[in-house]
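Position 58 of the sequence shown, counting from 1, maps to 249 under our numbering, and the rest follow consecutively.
For glycine and all other residues, C-beta sits at the position ideal for the given N, C-alpha and C.
In what follows, a structure is listed as structure tokens, so that the remarks can point back to it.
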Amino acid sequence: MEVGRVIDANLNRLREGIRVIEDTLRYFHNDKTLSFLCKTLRHKLKLSTSLDLLDYRDIQGDVAKQSSKDELLRENLNALVMANFKRAQESARVLEEYTKLAPHLGDTHAFKQIRYELYDIEKQYFQAYCSSLRQ
Numbered sequence: 192m193e194v195g196r197v198i199d200a201n202l203n204r205l206r207e208g209i210r211v212i213e214d215t216l217r218y219f220h221n222d223k224t225l226s227f228l229c230k231t232l233r234h235k236l237k238l239s240t241s242l243d244l245l246d247y248r249d250i251q252g253d254v255a256k257q258s259s260k261d262e263l264l265r266e267n268l269n270a271l272v273m274a275n276f277k278r279a280q281e282s283a284r285v286l287e288e289y290t291k292l293a294p295h296l297g298d299t300h301a302f303k304q305i306r307y308e309l310y311d312i313e314k315q316y317f318q319a320y321c322s323s324l325r326q
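Structure, rendered in structure tokens:
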């Protein structure tokens with residue numbers, strides 16, 4: 192079932208993207224509040240993750256596993272964080288859609304909620320740490 196493969200890959204992307212954001216907030220900005228929100232989101236994902244998804248994993252068969260040139264370089268810290276917010280948000284949306292086809296592999300509503308929480312954290316991050324957005 193290829194739906195399981197899509198769900199597995201996007202759960203990994205979502206967790207990884209959130210972790211990059213969380214570590215930036217924690218180690219670069221010492222932001223206890225926002226880093227805790229990210230950590231909470233990651234822990235919500237653990238609740239929706241099943242070991243059964245490992246059966247769908249096929250790294251060798253992934254035809255697009257090579258990174259693009261854009262993925263290999265980031266201009267600055269904010270560009271790195273923005274890329275990971277977008278990665279996580281897009282993955283949450285994919286999970287939201289594909290779990291409609293396989294509800295036993297995840298909760299559509301939970302992924303939608305996570306996506307909206309990411310939008311909110313993204314706004315808070317860039318208002319706090321991007322000088323061109325501060326007023």
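- Around Lys230, the same chain offers Glu213 as residues with beta carbons nearer than 8 Å, after the five sequence neighbours per side are excluded.
- Burial is judged here by how many other beta carbons sit within 10 angstroms of a residue's own beta carbon; Thr224 has fewer than 16 and is exposed.
- Across the set Phe219, Ala301, Leu228, Leu309, the C-alpha of Phe219 shows the shortest separation from the C-alpha of Asn267.
- Residue state for Asp298 is assigned as coil, using DSSP reduced to three classes.
- In the DSSP assignment, Tyr289 falls within the unbroken alpha helix (DSSP H) covering 268 to 289.
- Put simply, the backbone Cα of Tyr289 is about 7 Å away from that of Val194.
- Annotation for Asn221: no alpha helix (DSSP H) segment contains it, and DSSP assigns it neither H nor E.
- Proximity to Leu232 across Tyr307, Lys314, Gln318 peaks at Tyr307, based on C-alpha coordinates.
- Collapsing the DSSP output to three states places Arg265 in coil.
- When DSSP states are grouped into helix, strand and coil, Leu292 belongs to the coil group.
- Using a Cβ distance threshold of 8 Å, Gln280 and Tyr316 do not count as a contacting pair.
- Excluding residues up to 5 positions away in sequence, Arg233, Leu236 lie with their Cβ nearer than 7 Å to the Cβ of Arg206 in the same chain.
- Leaving aside the five residues that flank Arg284 on each side, the residues in its chain whose CB is nearer than 7 Å to its CB run, in chain order, Arg306.
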